[in-house]
Amino acid sequence: MLGVLAQSKRSKGDGFFFQYKYEKAVAAYEAERDKGGLNNQQQLNLADSYFKTGSFDNASKLYLEILEKDTIMTGNHYNMMLQSLSRLNRSLPLDSLKSKSEDFQVELLENAEFNTSLLENEANIPGVEYTIFNAATNTPQSDFSPSFYEDTSVLFSSGRTEDKKNVYEPAGEGYLNIFKAQITTGSQLQAARIYSGIAPTKYHKATPQYAPSLDAVFYVTSNTKEGELLFDTNGKNTLAIAKQDKKKNQLLFRDISTSFYYPFYEEKTGRLYFAAKFEDSYGGTDLYYVSTNAGMVMSAPVNLGPQVNTPGNEIAPFIFENSLYFSSDVFYGLGGMDIYKSDMEAEGAFSIPVNLGSVINSEKDDFGFIVRNEGDGLLGYFSSNRDGGKGKDDIYGFKVAEKPGLKTIIFKGTISKSNGYANYVDGATIQLKDTNGRTLRSVSSELNGDYRIEIPWQKGVTLAVSKPRFSQYSRSFSETELDSLTQDIWDFNIDAYDDLVEVQEEQKVIKLQKFFFGRGITSLDDTIKAELDKVVAFVKGFPNAQLRIESHTDSRGGSSTNFRLTQKRSDAMKAYLIAQGVPEANILYSMGFGENKILNNCRNGVYCLEMLHRQNQRTLFVVLNDNVLFE
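Taking my numbering, the leading residue of the sequence shown gets 1, the next gets one more, and so forth.
What follows is the structure in C-alpha cells.
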C-alpha cells in the first residue's frame, strides 16, 4: 500500500514498521525480542514484517503461534497466515476455515470453494487466447496502474526518479508521479512523459483514472499542509483522493488517519469507487463507492459487501460492460494480488468474483486491470511484478477476442407457477449436478422468484428445480450444449401439488377439464389427448406419484358392454400415457367400472336428461399414495 509514516516514539521496531521499512523492522523487533520480549501487538507486527519481506516460513510459524494464544489476530492477519502457508505449498483445509466461520462471512467460504475448484481444474476449462506483452515504457522502477486517456494515450503511475534529492525511502525510488504514454498502432506504449495536467506536488501523485464525460482525472495524493507532509497524532501520513479538471483541483476525500486508494469514476451511474479501510471493512482495504454529482461527492461511502470484500485487501476497481474487475490478495488466489471479475447484478448485488486464471494472474502481484473494445476484440493493460519484468512493477498489455476470465456455467432467471407469470415461487431449490449426480451448488429463489447459480466449467450438468409439495423440474446439458448456449436466462415453471389435485368421490384425483368419449368409442380424440398431456406433466413433476385410471359410463346400454367399453378406454389412456413417457410403474391400475358407480338416480329404466347422464360419464386419475407422497 502507498503511504508515509513519521518515526514512532515507541520502539525502533515500531518506528520502522509504521514507516513501512519492513526489513529494518524485522531486525529491530528480533533484537528487542532477544533483549526483553515483545508484547502481543509487536509480535503481530513482526509476523506482518516477515510476510511483507517474503519470509513466509517465519511469518506462518509466528502467525500460528499467535493464533494458538487466541489473541489479537484479525481476519486480515488470518488471511496473511493462509497466504504464507500457500507460498510454502502448505495449506489449512477449508474445514479449518469453516471451524472459524463465526469470524467470517458465509460468502468467503462460498468464494473460496468456488475459486479453489476453478483453479484446480483450469487446465480442463475452455479458454480464450491471450496475446500479452511487456510495455515498452517500463523502467527498473515501479510502473503501474494504467488508465485509458482519451483514445490514443494511457496515464500511469511510476516511481522513476525525476528529483534524486526527493526520494521515498521505503520504496528506494522517487515519490510516485503520473505519466502519459502514447498507444501505438501495435498497442505498445511509447514516449512516456510526466503528465502536466495535474497540480504539482513534491510527494505522491498516483493511480490516475480519466473520466471522459467530466474531462477530469481522479487520483490519489499525499496529504500535505503548506506543501509539506501532514501527519496525525500517531505520526501517520495518508493518501487523499483528488479530482483535477481544466478549471480547478479539488480534494474529494481527505482524512489524516485513513488512506484512500485507486479511484474509479463510473460514467453510467456517476458513482466514484475506491479502496479504503474503514471500521466496517471486512479485513484490509475494502472497495466502496459514493454517489456523485458530476464528480462531487453526494453520499456516504457504501461498502460493496462480503461477496466482493474479504479478510484480505481489495483494490483497483474497474467496471467494463457491467462487470467489476478488481484485485485481491485473499488466500485462495494464485499468490499475492490476483485480478477477479464479478458481474454486477440487480439492486447492487454481485456474482461470485471469478479469478481470471494463470495467464493474467501469477504467483506475484497482479492488479490495475483495464480493458476496452478495440476492433474485433479487446485491448487491455494491467500491472504485475511477475518474474521476467523490467522493474519492480511493470505494465503489461494484452489482446483478446472476448471478455477475459475463466469459463463458468451460469443459469439465472425466474421461477414461477405455470398458471401465471406473476405467481412467483420463492424458496425453491435450484441445483446444478455433475454427470455422476453429485450436487455442485445449490441456491434458493428469492421472494420475486429470481435465482442465479454459477459453477466452474463442467463437461456436463443437470439443472434441477424443486420445492416441497411442488412439481420437480430437471434438464441435463451435455458439454456440446453448454458450449453452444447463447443465453444464461432460464425461466422455469413449477406448480404446487395442491393446485393440481382435488377431491372427487372421497379420493384425491388429478384436476382436469371433464372430457367425454363418443357413444361406443374407445379411441382418443385431440381434446382427450390434451387433458392426458396434463397427466403426463403431473407425473413428470411428481415422479413418485402412483396412479389408478378409472373409467365410468352411464346406465344406458348393457352392463357387460359398458364394462368392456370402459376397460378398453382405460387401457387406451394408459397406452397413450406410456407412449408419452410416463413409466408403466407409475400406473398401478387401469380399470373400467362400467355403470357400477352411478352418481345419481339415473339407473337402468329411469328416464334422465342428457346432462344428468353425463354426470356419470367420467374419467378419474386417482393419486393412490397421496397421503405418503411427500414423507
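Just so it is clear, CB atoms sit at the ideal spot from N, CA and C, and this is done for glycine as well.
Contact under 7 Å by Cβ, residue i with residue j
i: Ser442; j: Gln458; result: no
i: Glu173; j: Gln141; result: yes
i: Phe218; j: Pro146; result: no
i: Asp554; j: Gln617; result: yes
i: Leu214; j: Asn223; result: no
i: Leu406; j: Leu109; result: no
i: Phe398; j: Ile132; result: yes
i: Asn604; j: Gln615; result: no
i: Phe470; j: Leu500; result: no
i: Asn355; j: Asn115; result: yes
i: Asn596; j: Leu547; result: no
i: Ile256; j: Asp286; result: no
i: Leu532; j: Tyr576; result: yes
i: Phe382; j: Gly391; result: no
i: Lys52; j: Tyr22; result: yes
i: Tyr175; j: Tyr203; result: yes
i: Val593; j: Thr566; result: According to the sequence shown, residue 593 is Phe rather than Val. Going by C-beta atoms, Phe593 is nearer than 7 Å to Thr566.
Nearest-angstrom Cα separation, counted from residue j out to residue i
i: Ser8; j: Val220; result: Below a pLDDT of 50, predicted positions are generally treated as unreliable, and Ser8, at 37, falls in that range; the measurement from the model is reported next regardless. Answer to the nearest angstrom: the Cα atoms are 24 Å apart.
i: Gln197; j: Val302; result: Note that residue 197 is Gly in the sequence shown here, rather than Gln. The alpha-carbon atoms of Gly197 and Val302 are separated by roughly 30 Å.
i: Thr137; j: Tyr149; result: 16 Å
i: Ile125; j: Ala545; result: 40 Å
i: Asp488; j: Thr414; result: 12 Å
i: Asp14; j: Thr429; result: 53 Å
i: Asn121; j: Ile395; result: 28 Å
i: Asn76; j: Asn313; result: 8 Å
i: Ala401; j: Val128; result: 7 Å
i: Arg569; j: Leu588; result: 16 Å
i: Leu5; j: Lys236; result: With a pLDDT of 39 at Leu5, under the threshold of 50, the modelled position of this residue cannot be trusted; read the value that follows with caution. When rounded, the distance between both Cα atoms is 4 Å.
i: Ser157; j: Glu32; result: 37 Å
i: Asn627; j: Arg452; result: 34 Å
i: Gly460; j: Asp365; result: 34 Å
i: Glu68; j: Gln105; result: 22 Å
i: Tyr288; j: Pro583; result: 56 Å
i: Ile178; j: Leu62; result: 39 Å
i: Arg87; j: Phe56; result: 7 Å
i: Val503; j: Asn625; result: 14 Å
i: Val297; j: Arg254; result: 12 Å
i: Ser351; j: Glu226; result: 45 Å
i: Ala276; j: Val535; result: 59 Å
i: Ser416; j: Asp495; result: 8 Å
i: Phe144; j: Leu272; result: 20 Å
i: Thr201; j: Tyr195; result: 13 Å
i: Leu155; j: Asn249; result: 17 Å
i: Val465; j: Tyr473; result: 5 Å
i: Ala206; j: Arg193; result: 14 Å
i: Thr439; j: Lys433; result: 4 Å
i: Phe517; j: Leu485; result: 44 Å
Strand pairing of residue i, partner residues [DSSP]
i: Leu452; result: The sequence shown places Arg at residue 452, not Leu. Paired residue(s): Lys412.
i: Gly283; result: Answer by DSSP bridge pairing: none, since Gly283 is not bridged.
i: Ser291; result: Arg271
i: His552; result: Gly594, Arg618
i: Asn177; result: Ser158
i: Ile194; result: Phe179
i: Gly460; result: Ser478
i: Tyr265; result: Leu272
i: Asp366; result: Ser384
i: Asp338; result: Ser328
i: Arg441; result: Leu432
i: Arg603; result: Answer is none; Arg603 lacks a bridge partner.
Buried or exposed (CB count within 10 angstroms, at least 16 for buried), residue i
i: Ala675; result: Given a span of 1 to 631 for the chain in the structure shown, any question on residue 675 remains unanswerable.
i: Met1; result: Low confidence applies here, because Met1 scores a pLDDT of 35, under 50, leaving its location unreliable; read the following figure in that light. By the neighbour-count rule (16 or more Cβ atoms within 10 Å), Met1 is not buried but exposed.
i: Ala112; result: buried
i: Met611; result: exposed
i: Ser299; result: exposed
i: Glu550; result: buried
i: Leu620; result: buried
i: Arg519; result: exposed
i: Ala123; result: exposed
i: Tyr20; result: buried
Inter-stretch contact (C-beta, 8 Å, three-pair minimum) for the stretch 303-322 and the stretch 271-291: As far as the Cβ criterion goes, the stretch 303-322 touches the stretch 271-291, which means the pair count is three or higher.
Contact between the stretch 73-82 and the stretch 46-53 is defined here as three or more beta-carbon pairs at a separation below 8 Å; is this criterion met? In this structure the stretch 73-82 touches the stretch 46-53; the number of beta carbon pairs closer than 8 Å is three or more.
Contact between the stretch 360-368 and the stretch 327-347 (3+ Cβ pairs under 8 Å): The stretch 360-368 is in contact with the stretch 327-347.
Between the stretch 311-325 and the stretch 259-278, are three or more C-beta pairs nearer than 8 Å? The stretch 311-325, when compared against the stretch 259-278, does touch it at the 8 Å Cβ threshold.
Say whether the stretch 177-193 touches the stretch 238-245, bearing in mind that this needs 3 or more beta-carbon pairs closer than 8 Å, one atom from each stretch. Three or more beta-carbon pairs separated by less than 8 Å are not found between the stretch 177-193 and the stretch 238-245, which leaves the two stretches without contact.
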